[in-house]
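Engineer:
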Amino acid sequence: MLMMCLSLGVLPVHAADPVRIGVAEALTGPASQYGIPILNGFLLAADEINSAGGINGQKLLLITEDERGKKEEAINVFKKLIFQEKVLLIFGPTLSNSMFAAGPIANAAHVVAFGTSNTATGITDIGPYLFRSSPMESDVVPATLKAVGAHIPLRRVGIIYGNDDAFTKSGYDVFKSSLQQQQVAIADTETYARGDVDFKAQLTKLKAAQVDAIICPCLAEEGANILIQARAMGLSAPFIGGNGFNSPALIDNAKSAAEGTWVGSPWFDGNAAAENQHFLRAYRQKFHSDPNQFSAQSYDALMMVAQTIKKITFTPQLDKNRELLRAALPMVSFVGATGPFSFRPAPPHQGKPGGYDAHQTPFVYVVRQGKFTLVR
Amino acid sequence: MNWVDWWATYSTLVLSVGVYGMMALSISLTLSCGLLALANAAFMGIGAYVSAIATTTFELPFYPALLLGTLGSTLVALLIGLPVLRLSGVYLAMATLGFGEVVRIILLNLDITGGPLGLNGIPLLTQWWQVLLALLSTVIVLQCLRVSRIGRAFEAIREDETAARLMGISTHPLKLLAFVMGASIAGLAGGLNAHYTFTLSPGNFGFENAVDILTMAVLGGIRGLPGPLLGGAIITLLPEVLRDLQEYRMAANGLILILVVLFLPQGLWDSQRFRGWFKRA
């Protein structure tokens, strides 16, 4: 057994050998609500690539590990995939916090770590081997505010957000600075904690502030509750949400209270582009359920990596192949289920080169008659 | 697999075994004098945050940062230990759990701790031998304590606090000593942990972690030092060892813990049980 493992490390890569790709996502625990749709996106893309004959005759082999959304496990999984499974690159982990823990491992080992769901600022400061296909909130929010401002007057707004969660807090930070840039006054800021179900106190204050709109960088669970309670107390100002609102659960739970809510997000299920329609059809056929933004982003990520690998001539050495991939990946120019995509180099951080962020125009849409409708 | 690859893959796991061994020892210290105090995760968090802020924001070297982290949690333990240790039993457990929540909320709301985003980009400074040294020193200090007058006083307090007081043992200062020493060990463990996991967030040191640490000590057995070390190693390694079970992994993890507690209520390492084996033989 020992001899076999030893020899595996030095075996040259033959044309018939599969391309080994690591997938580290949260498949159990609270973060699995994101991790499982992400994994489904990868599985769908791998199926399509392999049934079309693979890449230059090589099949794709996904090696999936559960990181449970915990930092220590994310590190352990990354090390296992890099040093033991000898993967070419790693997709994941699911949460930004896990990427802050595991990203430095991949960067130090000169292996591409490709996040498809990490939106926090600073992820790509870790180093040049860090890539992500998920646009940061700071890219999505200004575009959302501009699009909404073209339809309704935005002079005074109120904000309500969860101040104990990395995702909602960074969403708030970004909304606040873009509102200041676009010279919109913030009349009132209210906060809640994760798991809260009663928002009447905060909403009463927002109602008294008489605002044009209410910014809600919330997750869909709390968002639906906030919408219902706001409408029940006669608060009629429209809501503007971020990525977290891009969920069918928002309309399912809030029903008519979701009407007129604005959402900015990198993916739109009603996008009529052929790539998206193909993705929707294939996903529903394979998993008998509707995809979400996370599966669309992971599907696109594996597709663009496959497109990049096609152009690379692999050497027998894994180290060199990993470097070749890193060098080729920034040149990606791709159109997928989430629309046109390319990478944008992150500015150097403390004199060290950064990684690559997503360069993508978000979709802005509004809920009309119980459906997300694209805003032009 | 050769040694280099093995170490590259599992070095973090080995460090975690050492650090969580220290955490299990730290809670077994308070348990050994009959205190069910569940603040160790919070003290680990204080140590981790203080030392990480020292190395990142103030760019201090590693050793002074570790010392600051340890001192920080020691000081906080002294301040809250004075009033809180007047409680006992479930009331003490509740008060210390409440303290843990307070620490988590404070970490969430301060700017210097990065709020809910946490601290990122913490340099990798912890070496394996530093963890080993910290663990060994902890074991040696605790072993000296056990065989000393203080250790026997802890045991007396655990068995019957009133009787111990009647024997002339000043119980309150001794309980405070156990609580504060436990916090120092936890603070040091936290500082070491922060510098090999690159990131800290307030959720890392919450209720779940507090219960994990208690489970380590109880699973291993609290009558003696090998028990908590064994328990810490098992709880840390089990999720990785069971990785091949995939989605059934955490269920198997829980099942093993239930079986151990059902059939070995004194924990895995029970010196009395071992003595019984030799007598029969």
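In order, the protein sequence lines correspond to chains A and B.
With this note's numbering as the guide, the letters of the first sequence map in order to residues 12 to 387.
With this note's numbering as the guide, the letters of the second sequence map in order to residues 9 to 289.
Virtual Cβ for every residue (Gly too), placed ideally from N, Cα, C.
Small disclaimer: the values here were computed from a predicted structure and weren't measured.
1) So if I threshold CB-CB distances at 9 Å, which residues from the segment 192 to 213 of chain B count as touching chain A?
2) Going along chain B in order, which residues have a C-beta closer than 8 Å to the C-beta of A/Ala42?
3) Buried or exposed for A/Asn67, going by 16 or more other Cβ atoms inside 10 Å?
4) Taking 8 Å as the threshold, find out whether the segment 284 to 302 of chain A comes into contact with the segment 18 to 31 of chain B through three or more Cβ pairs.
5) According to a CB-to-CB cut-off of less than 7 Å, which residues of the segment 92 to 117 of chain A neighbour chain B?
6) Who are the Cβ neighbours of B/Met189 in its own chain at under 7 Å, not counting the five residues just before and after it?
7) Taking 9 Å as the threshold (C-beta atoms), are B/Val226 and B/Val139 in contact?
8) Looking at the ligand HEM, does it come within less than 8 Å of B/Ile243, judged from the CB to the closest heavy atom?
9) Cutting at 7 Å between CB atoms, please list the residues of its own chain near A/Ser128, excluding the five before and the five after it.
10) Any idea which residues DSSP pairs A/Leu71 with across the strands?
11) Taking 9 Å as the CB-CB limit, is B/Ile113 close to chain A?
12) Report the option in A/Gly182, A/Ile134, A/Tyr140, A/Asp136 whose CA atom is closest to the CA atom of A/Leu156.
13) Contact check, A/Ser109 vs A/Thr130 under 8 Å by CB: the rounded distance?
14) Where B/Pro210 and B/Ala194 are concerned, what is the direct C-alpha to C-alpha distance, given to the nearest angstrom?
15) Of the choices A/Ala285, A/Cys229, A/Val222, A/Asp175, whose alpha-carbon is the least far from that of A/Ser247?
16) Among B/Trp14, B/Leu118, B/Leu246, B/Pro234, which one has its Cα closest to the Cα of B/Met30?
17) Would a check of beta-carbon distances place A/Leu17 closer than 9 Å to chain B?
18) Can you tell me whether DSSP reads A/Gly347 as helix, strand or coil?
19) Taking the alpha-carbon of B/Gly198 as reference, which of B/Phe271, B/Ala142, B/Ile114 has the nearest alpha-carbon?
20) By the three-class DSSP mapping on this structure, what secondary structure does A/Cys393 have?
21) In terms of alpha-carbon separation, which member of B/Gly53, B/Met224, B/Leu250 lies closest to B/Ala241?
22) So that I know if they touch, is there some Cβ in chain B lying closer than 9 Å to that of A/Ser422?
23) Quick one: is B/Asn10 buried, meaning 16 or more other Cβ sit within 10 Å of its Cβ, or exposed?
24) What are the boundary residues of the beta strand (DSSP E) that A/Val377 is part of?
25) Is there a C-beta anywhere in chain A that falls below 9 Å from the one on B/Asp13?
26) Do the CB positions of A/Tyr140 and A/His162 come within less than 9 Å of each other?
27) Using the Cα positions of B/Phe282 and B/Ala164, report the straight-line distance between them to the nearest angstrom.
28) CB-CB under 7 Å to A/Lys82, same chain, minus the five flanking residues each way: which ones, in chain order?
29) What residues from the segment 43 to 70 of chain B come within 8 Å of chain A, judged by C-beta to C-beta, listed N to C?
30) Taking only beta-carbon positions, decide if A/Asp330 is within less than 9 Å of chain B.
31) Just reading off the alpha helix (DSSP H) that A/Lys321 is part of, what are its end residues?
32) Go ahead and pull the three-state DSSP assignment for A/Asn282.
33) Which bits of chain B does A/Thr39 rub up against, with CB to CB less than 8 Å?
34) What's the C-alpha gap between A/Trp388 and A/Cys229?
35) Does DSSP put B/Leu43 in a helix, in a strand, or in coil?
36) Looking at A/Ala241 and A/Leu261, is the spacing between their C-beta atoms short of 9 Å?
Structural biologist: To lay it out plainly:
1) Asn201, Tyr204, Thr205, Phe206, Thr207, Leu208, Ser209, Pro210, Gly211, Asn212
2) Per Cβ cutoff of 8 Å: no residues; A/Ala42 is ~11 Å from chain B at best.
3) exposed
4) no
5) Phe94, Gln95, Asn108, Phe111, Ala112, Pro115
6) Leu37
7) no
8) Annotation note on the ligand HEM: not contained in the displayed structure, which lists no ligands.
9) Tyr45, Ile49, Thr105, Ser145, Phe305, Gln308
10) A/Val30
11) yes
12) A/Gly182
13) Rounded, the Cβ-Cβ distance is 13 Å, inconsistent with contact.
14) 16 Å
15) A/Val222
16) B/Pro234
17) Note that A/Leu17 scores 44 on pLDDT, short of 50, meaning its location in the model is unreliable; the coordinates nonetheless yield the value given after this. True, the Cβ-Cβ gap to chain B drops below 9 Å.
18) strand
19) B/Ala142
20) Given a span of 12 to 387 for chain A in the structure shown, any question on residue 393 of chain A remains unanswerable.
21) B/Met224
22) With chain A represented from 12 up to 387, any question about residue 422 of chain A goes unanswered, as that position is not in the structure.
23) exposed
24) 374 to 379
25) yes
26) no
27) 23 Å
28) Asn108, Ser109, Ala112
29) none
30) no
31) 304 to 321
32) coil
33) Glu255, Arg257, Met258
34) In this structure chain A extends from 12 to 387, so residue 388 of chain A is not present and cannot be described.
35) coil
36) no
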